[in-house]
Amino acid sequence: MRNQSLGHPRNLAAVDQISSSLPSKACHDDQVHSPIIQLRRSTSKRSIPFSSQVAEDAALQFVVLCARTTPAHPIPPRAAMSSLYKQLGLGAAGSPVTASHLLMLVLGAGFLAFTVFVVHPNDFRLQSFFSGACPGSPPHDAVHAPVNATAKATATPVKHADATVPVKAADGQAGVRVLIGIQTMPGKYERRHLLRTVYALQLQEHPSLAGAVDVRFVFCNVTSAVDAVLVALEIMRYGDVMVLDCAENMDGGKTYDFFAAAARAFPDGSYDYVMKADDDTYLRLQALAAWMAGAARDDAYLGLQMPCDRENFYPFPPFMSGMGYALSWDLVRWVARSEVSRRDRVGPEDMWTGRWLNVAGKAKNRYDGAPRMYNYLGSSPANCFRRGFRPDTIAVHMLKDAGRWAETLAYFNATAGLPPSGLYHLP
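According to my numbering, numbering within the sequence shown proceeds without interruption in unit steps and concludes at 427.
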């Protein structure tokens, strides 16, 4: 079953249902209200993958929070204790409830609290630790993984894309070749038309990129008869479409299928890097190629690294944002052949790619595209992954509509080469 976040609307509704069904005297009103608000805030603050029993976890977390917020009282006198015992059925002979039962309930609540507050938030870290530390038969392609693959990956020096220092390709590295797979859907014709135009003009402006950067549009099986005809025309005209053998999805394994298909389609290693990108990401191909030219060609992982602070996606192990990230060719082949990735392909695709590499101790050469790769700012507050335009940009993400695309393209003077003509006039 696909993972859900605790902040999913369905799960928040479960929290509300739990709170409304509680007896009025379960906790004081202000004590009930406080943990519910706290639970809603904690679930809404960030989206963390949880198991299918998220609603039960929410209920247990409420019980723990309610217990924690109930004020301590002095030990009641013996008479009061006796009365309480009678109410609970502890004083009667043959009562099924004993003091040991209460002890077991307390221990169980403590274990559940440990699971909710320690195990779940650190799921990736614990899995990475035990996958390397436990005896047994690890996957054949992960035998060299460090004991704590996550800690190893975190400790790997990450090189930042700082354009204040001119990027110079080392000898023999100038001819970098990259395959960019833009994940989209068959029916998004308008977006593909825009992207083809944008990237064709960039290649026209920088002819040296024509043999270095290949852009393909990637989607799963075409199921509509209408799309089958129109996509066929696109393929005949442009030859830039990859149709994977999968049901259309975002986090159900499509990225794995793309890397695996690329490894099969180009067995001779035609590319130095394969990049997965979103169709709402604007890439500046010359800046991208120059950045890659200075990177390692083996065991390399490039993109906007997350978490980038303690407020966003923390404390997940490091991964590159799904806006656009690249793997060196050796890692693409490894993903295609590895049991680590093949058996664990369903989940937030960018996190899962990082997860594969972390667990197997791969991608020792990591390159963080910050601050040159970022999300569109708009009216939102700036943070470590969202900022205003800058001249040395490599990629801008979250261009969800034509207005954002127009604003972005205008900033980067995409129409500067428009020749004058009596056939048209534009503002």
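Glycine included, C-beta positions come from ideal geometry on N, C-alpha and C.
Where DSSP assigns a beta bridge to Ile182, which residues make up the other side? Phe217 and Ala277
Roughly how far, in whole angstroms, is the beta-carbon of Met250 from the beta-carbon of Gly324, given that I think they are within contact range, below 8 Å? Contact flag wrong, Cβ pair sits at about 15 Å.
Under three-state DSSP, which class holds Arg284? coil
Between the CA atoms of Ala263 and Ser338 - distance to the nearest angstrom: 12 Å
Selected residue, minimal CA-CA separation from Leu179, among Glu190, Tyr189 and Val241: Val241
What did DSSP end up calling Asn365 once you bin it into helix, strand or coil? Strand at Asn365.
Drop a sphere of 10 angstroms on the beta-carbon of Met306, count the other beta-carbons inside from all chains shown, and report buried for 16 or more, exposed for fewer. buried
Below 8 Å between beta carbons: does that hold for Asp330 and Lys159? Inclusion of Asp330 and Lys159 in the CB contact set at 8 Å is not warranted, their separation being larger than that value.
Consult DSSP for Ser380 and reduce its assignment to one of helix, strand or coil. Ser380: coil per DSSP, three-state reduction.
Quick check on Glu407: does DSSP put it in helix, strand or coil? helix
Neighbourhood of Met373 by C-beta distance below 6 Å, restricted to the same chain and skipping five residues each side: Leu304, Ile394 and Ala395
Could you pull the DSSP bridge partners for Met373 from this structure? Beta-bridge partners of Met373 (DSSP): Ala395.
Report all residues from its chain with a CB closer than 6 Å to the CB of Asp279; omit the five preceding and five following residues, and keep chain order. Once the five neighbours on either side are set aside, the close Cβ partners of Asp279 are Ile182, Thr184 and Arg191.
What three-state label does DSSP hand Lys159 in the structure shown? Per DSSP, reduced to three states, the secondary structure at Lys159 is strand.
Residues that Ala326 bridges to, as DSSP identifies them: Met275 and Leu302
Have a look at the DSSP bridge pairing and note the partners of Phe319. Met306
Any beta-carbon of chain C closer than 8 Å to the one on Ile235? Here there is only one protein chain, and chain C is not present.
So is Val222 buried or exposed if we call it buried at 16+ other beta carbons inside 10 Å? buried
Contacts around Gly388, its chain only, beta-carbon distance under 8 Å, and the 5 residues preceding and following it disregarded: Leu377 and Ala382
Can you say whether Glu205 is buried or exposed, counting buried as having 16 or more other CB atoms within 10 angstroms of its CB? It is exposed - the Cβ of Glu205 has fewer than 16 other Cβ atoms within 10 Å.
Extent of the continuous alpha helix (DSSP H) run through Val198: Tyr189 to Glu205
If we ignore side chains and look at the alpha-carbon of each, how far apart do Pro315 and Ala232 end up? Approximately 45 Å between the Cα atoms of the pair.
Would Gly354 and Met320 qualify as a contact pair, given that the criterion is a beta-carbon distance under 8 Å? Yes, the Cβ-Cβ distance between Gly354 and Met320 is below 8 Å.
Quick one: grab the DSSP three-state call for Val226. helix
Looking only at its own chain, which residues have a Cβ that is under 6 Å from the Cβ of Val346, when we skip the five neighbours before and after it? Gly252 and Gly253
Report the rounded CA-to-CA distance for Asp298 versus Phe266, giving the unit in angstroms. 17 Å
Could you compute how far the alpha carbon of Arg125 sits from the alpha carbon of Tyr301? Caution is warranted here: a pLDDT of 42 is assigned to Arg125, below 50, making its placement in the model unreliable, and the coordinate value is therefore given only provisionally. Looking at the two C-alpha atoms, the distance is approximately 20 Å.
Taking the straight line between their C-alpha atoms, what separation do you get for Arg390 and Arg177? Distance from the CA of Arg390 to the CA of Arg177, rounded to the nearest whole angstrom, comes to 25 Å.
Going straight from the alpha carbon of Asn365 to that of Ala296, what length do you get? 7 Å
Cα-Cα separation between Thr255 and Gly239, rounded to whole angstroms: 21 Å
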